[in-house]
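To keep things clear, I will list the structure first and then write my remarks on it.
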Amino acid sequence: MNIDLTGKVAFVTGGSKGIGRSIADVLLDCGAKVAIMARGQSDLDKAVSELEGRRPGNALGVQGDVSSYEQLASAVQRTVEHFGGLHLAVNNAGIAGKPGLLHAIGPENWRQVLGVNLDGVAWAMIAEIQEMVKAGGGSIVNVASVEAHTILKQFPAYVASKHALIGLTKATAADYAGLGIRINSVSPGVIRTPLTMAAGQKEVTDRLAARIPLARLGEPDEIARAVVFLLSDLSSYTTGTDLVVDGAFLLRE
Ligand SMILES: NC(=O)c1ccc[n+]([C@@H]2O[C@H](COP(=O)([O-])OP(=O)(O)OC[C@H]3O[C@@H](n4cnc5c(N)ncnc54)[C@H](O)[C@@H]3O)[C@@H](O)[C@H]2O)c1
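Quick note on numbering: the sequence shown equals residues 49 to 301 in the numbering used here.
Take a look at the structure:
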């Protein structure tokens, strides 16, 4: 991808697998130094060694859970100590939660999904923005979903979390524009990742895939390229917007 991010430091949550992993690849290819945060240590180690193989000395892995503000703040801190600053951030970690009607899934599943998909992004932004203010500006992309624009039956917590994420993105974009920090979101359609290919999720994925006008699932790097465009100066006049990358999934008769 023909974008030069040399000298920039990026932080990506959920960077060990799926869309986040692909975002880390594209960022490295564009010259950035990249820290990825994820929960599982073995997936994280594997991803970091592959990223280091791509551009030695330019990748860092930090294990942690985004639903804990303390773990997120310390991951951002480690990134800054290791690479000397923070300029770009992608808040990508997200979970679908258990399928079911709201009254059946109960408060625990609700809290878990909102804790990762909404609190986790807000906590990340608090930690990231403190560093971007010190750096004199920055660019943040939050990974939302087409379910921020429509609904997915029996996933009420997921749908609510992604709708709220768009609101958080717009509100903060306006608040931080004067400080040189741009904040946008990307809404993927149905993308081929461990999340959509998981045994319990495959049936939902197949049902959704059947109605995509481009007649195929999206690939993680097709989302990654949109994210990196919004992170880069190519989108210097774009803030508070959501870029839908969905093969026209949302367009229905
Ligand atoms: N795959 C799709 O079709 C699709 C569609 C729309 C939106 N999205 C969104 O894209 C994002 C990435 O999805 P994906 O399909 O790549 O998921 P994935 O399950 O394949 O990968 C998720 C990554 O997030 C990390 N993660 C999950 N919970 C975490 C937590 N609590 N703390 C830290 N890291 C955590 C995992 O370790 C992993 O690295 C999510 O926000 C998801 O909602 C995905």
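The C-beta atom is built at its ideal place from N, Cα and C for all residues, glycine as well. Treat the numbers as computed from the prediction; the structure is a model and nothing was measured.
Please classify residue i: does DSSP put it in a helix, a strand, or coil?
i, result
"T61", "strand"
"G109", "strand"
"V293", "strand"
"A137", "strand"
"G154", "helix"
"P268", "helix"
"G186", "strand"
"I143", "coil"
"I199", "coil"
"I174", "helix"
"P236", "strand"
"A121", "helix"
"R87", "coil"
Is the closest heavy atom of ligand 1 to the C-beta of residue i under 7 Å?
i, result
"K65", "yes"
"S115", "yes"
"R255", "no"
"P155", "no"
"M173", "no"
"P104", "no"
"G88", "yes"
"A107", "no"
"V124", "no"
"I239", "yes"
"R141", "The question names Arg, yet the displayed sequence has Ala at residue 141. Yes; taking the cut-off as 7 Å, the Cβ of A141 has a heavy atom of ligand 1 nearer than that."
"T127", "no"
"G79", "no"
"M180", "no"
"S193", "yes"
"V164", "yes"
"L243", "yes"
How many Å lie between residue i and residue j at the Cα?
i, j, result
"Y353", "I153", "Because the chain spans 49 through 301 in this model, residue 353 falls outside it and cannot be assessed."
"A107", "F277", "20 Å"
"N50", "G148", "44 Å"
"G68", "D77", "14 Å"
"R159", "N190", "20 Å"
"E179", "T217", "18 Å"
"K56", "E301", "43 Å"
"S115", "I260", "32 Å"
"S97", "G142", "23 Å"
"N233", "P242", "Looking at the sequence itself, residue 233 is Ser, so the reference to Asn does not match. Taking the straight line joining both Cα atoms gives about 21 Å."
"P104", "L299", "43 Å"
"F131", "T244", "33 Å"
"G250", "A137", "For clarity, residue 250 is Lys in the given sequence; the question names Gly instead. Roughly 30 Å between the two C-alpha positions."
"E129", "E118", "16 Å"
"A246", "S193", "18 Å"
"K81", "A272", "16 Å"
"H151", "V164", "20 Å"
"M173", "L213", "12 Å"
Taking the alpha carbon of residue i as the point to measure from, which residue in the options has its own alpha carbon closest?
i, options, result
"A72", "G112, L162 and N139", "N139"
"S235", "G228, A222, H211 and G185", "H211"
"A86", "T61, A80, R103 and P104", "T61"
"V110", "K94, G101 and R102", "K94"
"V169", "L299, D113 and D254", "D113"
"L282", "R230, Q89 and K250", "R230"
"D290", "L200, A296, R264 and A196", "A196"
"E100", "F203, A83, S90 and L213", "A83"
"A58", "G295, D294 and L279", "L279"
"A258", "D294, P268, G228 and I271", "D294"
"H135", "N157, G145 and A175", "A175"
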